[in-house]
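Protein chains in written order, with this note's numbering: chain A, 1 to 331; chain B, 332 to 662; chain C, 663 to 856; chain D, 857 to 1050.
The structure appears right after this line, and notes come after that.
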Amino acid sequence: MKKIINNPADVVPEMVDGLVRSYPQYLRQIDGTTAMVRSDEDSMAGKVGLVSGGGSGHEPAHAGFVGKGMLSAAVAGQVFTSPTPDQIYEAIKAADHGKGVFLIVKNYSGDVMNFDMAKDLADLDDIEVKSIVVDDDIAVEDSLYTQGRRGVAGTVLMHKILGAAADQRASLDEIEALAQKVLPNIKTIAVALSAATVPEAGKPGFTLADDEIEYGVGIHSEPGYRREKIKTSKALTEELLGKLDSEFHFESGKKYAMLVNGMGATPLMEQYIFSHDVLDALAAKNITPSFTKVGNYMTSIDMAGLSLTFFELADDQWLDYLNYPVETIAW
Amino acid sequence: MKKIINNPADVVPEMVDGLVRSYPQYLRQIDGTTAMVRSDEDSMAGKVGLVSGGGSGHEPAHAGFVGKGMLSAAVAGQVFTSPTPDQIYEAIKAADHGKGVFLIVKNYSGDVMNFDMAKDLADLDDIEVKSIVVDDDIAVEDSLYTQGRRGVAGTVLMHKILGAAADQRASLDEIEALAQKVLPNIKTIAVALSAATVPEAGKPGFTLADDEIEYGVGIHSEPGYRREKIKTSKALTEELLGKLDSEFHFESGKKYAMLVNGMGATPLMEQYIFSHDVLDALAAKNITPSFTKVGNYMTSIDMAGLSLTFFELADDQWLDYLNYPVETIAW
Amino acid sequence: MLNGATATKWLDLFAATIEEKKDYLSELDTPIGDADHGGNMARGLTAVKEALAKLADPDLTTVFKTTAMALISKVGGASGPLYGTAFLEMAKKSKDTDDLGELLTAALAGIEKRGGAKVGDKTMVDVWTPLVQAVKDGKLDQAAIDDAVNATAPLVAHKGRASYLGERSAGHLDPGSMSSGYLFSALLNAGVLA
Amino acid sequence: MLNGATATKWLDLFAATIEEKKDYLSELDTPIGDADHGGNMARGLTAVKEALAKLADPDLTTVFKTTAMALISKVGGASGPLYGTAFLEMAKKSKDTDDLGELLTAALAGIEKRGGAKVGDKTMVDVWTPLVQAVKDGKLDQAAIDDAVNATAPLVAHKGRASYLGERSAGHLDPGSMSSGYLFSALLNAGVLA
Ligand SMILES: Nc1ncnc2c1ncn2[C@@H]1O[C@H](COP(=O)(O)OP(=O)(O)O)[C@@H](O)[C@H]1O
Ligand SMILES: Nc1ncnc2c1ncn2[C@@H]1O[C@H](COP(=O)(O)OP(=O)(O)O)[C@@H](O)[C@H]1O
Ligand SMILES: [Mg+2]
Ligand SMILES: [Mg+2]
Ligand SMILES: [Mg+2]
Ligand SMILES: [Mg+2]
């Protein structure tokens, strides 16, 4: 493991310290925690607070999306480990400005349970808290007999949509309704060229040969659904877009937003080339996305690879929400 | 080489295509070139045009900095290869709105010569063109008997400063004077954990053992000044900040901007930890930077490592310029 | 006899095992998880040990509550809320009884409620369920523990991270079941059952 | 005799060598450069060949000008402007003379002006300078070419990317000198000197 770190056990506190001291105009660290709240207090007044978070290792998520027009606070757990309820609870308190707090949680059993416990704590304080569990990763079966689909890069789009609504003073109930309406329209699928190395583990979660890739990995280097020889970007596009098509049944009359998300070690050069191939494939179906974003948004430490997210814009207002101006580090 | 690409020879045109189609609100490709101009034409009216560029492989530089308040156009050469004069010339023409065009060139013999030839071509058209050659990399000797120092991540700060001035209608002469005044105040030093792989070459520019790092590399995987065993982030900070200190002689009374720049494969987690260590080391000298930015701005394809840039804010207005709002993909 | 002192001994023994088996637990969590179960548990149990060491002659409820709070605030991930809830439920129940069988039954109910897993889902529930019964029947021994843990290997996971692997999760021990096994072994060695 | 036809032959031969030695040139550009000299030159010479093939019985000036424009617009990097300038200067000069020595002297002057390198800086100038003289003296042969190219190996670079390596640039052939050597070999084999 070759990483620019100090003691692996100190990765999260040092990272959070570096982040808030580099960007005091956006973030303030909540005392005694590794949770961060928007430093522009005024921009939260009279609005529903939005809190997200999860294990660390997904930078710039989630703190990079804290700021006017997007999240109110983000909680950073240990690497790839859900934050604890007490930390989430502190973030909820900091995000609450009397209109209640909405939690955006990724569907991992740890996250779901810890955010639930935090909600229980906030209940005791009479802070009204509601939440959505994002499960956009179509790589895994969605069934009653599994944990359900994972929450991955599409979560960032949920942050953006709800952030715009909250900034425009939507109520907690309205935000909950919006989140539920948006949720089934966001779907993601990933491919990995290499796995992530958790600093404290010291070696990658799995190993791929020099010419192998794996489809359907999660953002914690969870193994995916198929391992193959490396293909061209065009061939990867076919596989990933095909999987998404069998969920969306892409139609030229409909509007879509598209997010190409780098996993941490994959350069923008490759992400742009992949975007070119996706846009070509869509153009062949007479589709041009109404909104596109390409870059590292929900990473997996130093994993190489990328994910492709589509978001069907079933409501015209959602495009406005995506284009709504924000002041954050990373959107 | 494991990369998400198609034919290595098509990397640049496909990347440029993916980029402009993903971000039509910022960029328009100039016909028959791999140069890109700001799509918001109105924002350029009555202003000096700013053109930068260089070999590809430094994404988001340079096209990611095209937009209102920053560059007017960017030229993307082949990977790690300066663009050709005809392409630069087209960018100059597109950027010219009657007030002349200023070129921001990185100090590499190829870039300097090709931008010079483009200037000759523009002269024939009576477009007034001036330029600055950025040479912020303190890793190499600056002497009459060498090519001089390389232009690296600090170039992005030059884009930002001049972009703000141009947007506020500074004249071509004023921009030239500003560039010359700013230039000696920007200095950068890098460390690599692995070298970049140029797609057409198929293998990295150099190889480092699993526990080796190299100080002083350039943004094309040019070898640096010393190879060592991997150190802690704190120890790397000492080396890099020490080199910068012997140039700047940091003083607590002075103002500085700081840029931690990831090389492409180094996750934000490590960049934030490194920032934490730099900020700690500076705090020990009673210095808090007035402006900090951390992320991938001037990369070297898939190189792992980072660079540290300081910019002494000798003029208070420069901080305003850094904070001046822009509309770009990547600032 | 279960009381503040023997419960502290139980948890100290558990902490020592976790510290010793930290890497092994993360190794188990690698093929079917995210390689952090050892780190998570070690972080939590170090905090438990430290917190308990600060208590002077605590009663049973205080030991369990202190343990619960330390686990909840230090472990994170899936195992944090699960172990935390287990000890929180034991803390509540210990106000009425010091019967280990009843306490562990409350703990298991808490785990089930928090995580929603059932027997056969390849989670710690598969170890807790038979071993709580064994405690009640006075039949807890190392062989019973080993059997319960090893029985998770062939299962296909339906809850937690391992469930994303589907059929491929079979053939691997469940890490949370292994750490739960250590908890029951510590119970044996703490002499609480005597 | 140098004319449109023999100059075209010269450049076709050069293009063929570059195509063949592409990987080798990039290999030379790896330890002391950025591993692209082969790709740069191949891209340029492919364009030159295609552009020349489209000309029907061109004169010398047209051949050189066409070559210059193709190199300038296709090569990029350091070698593009340098080779491009060389051929542009030969195009200009060829309006007055078809003497190879005079033409190459103009080319070299262009390279020196564009790049600012002097003899001993470990650039293509170190090959052009002795070989232009050899042409003038009627002494150009493969041995002279090899000597000029090989003489760049011990030098420490003062211009171009290799200069960043300082002393460590010594012990490696200069890639641009090698490709320049090929240009002069092609001249030999095109029979232009006869
Ligand atoms: N829903 C659940 N119910 C019961 N136990 C669970 C559940 N989800 C996970 N577990 C247990 O937690 C263990 C994993 O814990 P850990 O690795 O610390 O957390 P994470 O999975 O968040 O990384 C699994 O081995 C399993 O025994
Ligand atoms: N200033 C200069 N003057 C003359 N020749 C130069 C100069 N700079 C570089 N060269 C030549 O160019 C060659 C490198 O060309 P190439 O690799 O194509 O460009 P780049 O260095 O931009 O990647 C060097 O080997 C050297 O011979
Ligand atoms: Mg985990
Ligand atoms: Mg080059
Ligand atoms: Mg785990
Ligand atoms: Mg080169």
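Yeah, the Cβ is synthetic: ideal placement off N, Cα and C, and Gly gets one too.
- By the Cβ test, the stretch 821-841 of chain C is not in contact with the stretch 921-933 of chain D, since fewer than three Cβ pairs between them sit closer than 8 Å.
- Cβ contact annotation for residue 112/A (same chain, cutoff 7 Å, sequence separation greater than five): 105, 133, in chain order.
- Around the beta carbon of residue 817/C, 16 or more other beta carbons lie within 10 angstroms, which makes this residue buried.
- Distance from the C-beta of residue 388/B to the nearest heavy atom of ligand 3 is not below 7 Å.
- The nearest non-hydrogen atom of ligand 3 is 7 Å or more from the C-beta of residue 111/A.
- Ranked by how close their Cα comes to the Cα of residue 526/B, the residues 500/B, 554/B, 504/B have 554/B in first place.
- Judged by the Cβ position, residue 96/A fails to qualify as a neighbour of ligand 3 at the 7 Å threshold, every heavy atom of the ligand being at least this far.
- A distance filter of 5 Å between CB atoms and the heavy atoms of ligand 3 selects the following residues in sequence order: 80/A, 81/A, 696/C, 698/C, 739/C.
- Sequence-distant partners of residue 212/A (beyond 5 residues in either direction) whose C-beta falls short of 8 Å from its own C-beta, in its chain, are 227, 228, 229, 230.
- The residue from 628/B, 643/B, 491/B, 503/B with its alpha-carbon nearest to that of residue 550/B is 628/B.
- The beta strand (DSSP E) runs of length 3 or more contained entirely in the stretch 408-470 of chain B are, from start to end of the chain, 432-437, 460-465.
- A distance criterion of 7 Å places the beta-carbon of residue 812/C beyond contact range of ligand 1, judged by its closest non-hydrogen atom.
- Among the bridge pairs identified by DSSP, residue 204/A is matched with 197/A.
- From the beta-carbon of residue 782/C, no residue of chain A is found nearer than 9 Å; the closest lies around 10 Å away.
- Neighbourhood of residue 536/B in chain D, by CB distance below 8 Å: 886, 890, 891, in chain order.
- Residue 2/A belongs to the set of residues whose beta carbon lies under 8 Å from a beta carbon in chain B.
- Judged by the Cβ position, residue 823/C qualifies as a neighbour of ligand 5 at the 7 Å threshold, a heavy atom of the ligand being closer than this.
- Runs of alpha helix (DSSP H) with 4 or more residues, each lying fully within the stretch 211-271 of chain A, are found at 233-248, listed in chain order.
- DSSP places residue 927/D outside any beta strand (DSSP E); the residue lies instead in the alpha helix (DSSP H), whose first and last residues are 916-930.
- In this structure, the C-beta of residue 836/C approaches ligand 1 to less than 7 Å from one of its heavy atoms.
- The criterion of a C-beta distance shorter than 8 Å is satisfied by residue 405/B and residue 397/B.
- Excluding its 5 nearest sequence neighbours in each direction, residue 360/B has C-beta neighbours in its own chain below 7 Å: 347, 351, 367, listed in chain order.
- Taking all protein chains shown into account, residue 1034/D has 16 or more neighbouring C-beta atoms within 10 Å of its C-beta and is therefore buried.
- Contact annotation for residue 605/B against chain A: 4, 18 [CB-CB distance below 8 Å, chain order].
- Think of a sphere of 8 Å around the beta carbon of residue 928/D: the chain B residues whose beta carbon falls inside it are 415, 416, 417, 448, in chain order.
- With contact defined as three or more Cβ pairs closer than 8 Å, the stretch 698-707 of chain C and the stretch 676-687 of chain C are in contact.
- Relative to residue 890/D, the option among 411/B, 457/B, 484/B, 449/B whose CA is nearest is 411/B.
- Residue pairing of residue 383/B in beta bridges, as defined by DSSP: 405/B, 435/B.
- In this structure, residue 215/A lies away from residue 823/C, with their beta-carbon atoms at least 8 Å apart.
- In this structure, residue 256/A sits away from residue 233/A, with a CB-CB distance that is not shorter than 8 Å.
- Counting the other CB atoms within 10 Å of its CB gives residue 147/A a total of 16 or more, which places it among the buried residues.
- Closer than 8 Å to the CB of residue 404/B there is not a single CB belonging to chain D.
- Contact with chain D is absent for residue 485/B, since none of that chain's Cβ atoms lies less than 8 Å from the residue's Cβ.
- Annotation for residue 468/B indicates a beta carbon at 7 Å or more from all heavy atoms of ligand 2.
- Cβ neighbours of residue 537/B within its own chain (closer than 7 Å, five residues either side excluded): 526, 552, 554.
- Counting every other CB atom within 10 Å of its CB across the protein chains shown gives residue 699/C a total of 16 or more, marking it as buried.
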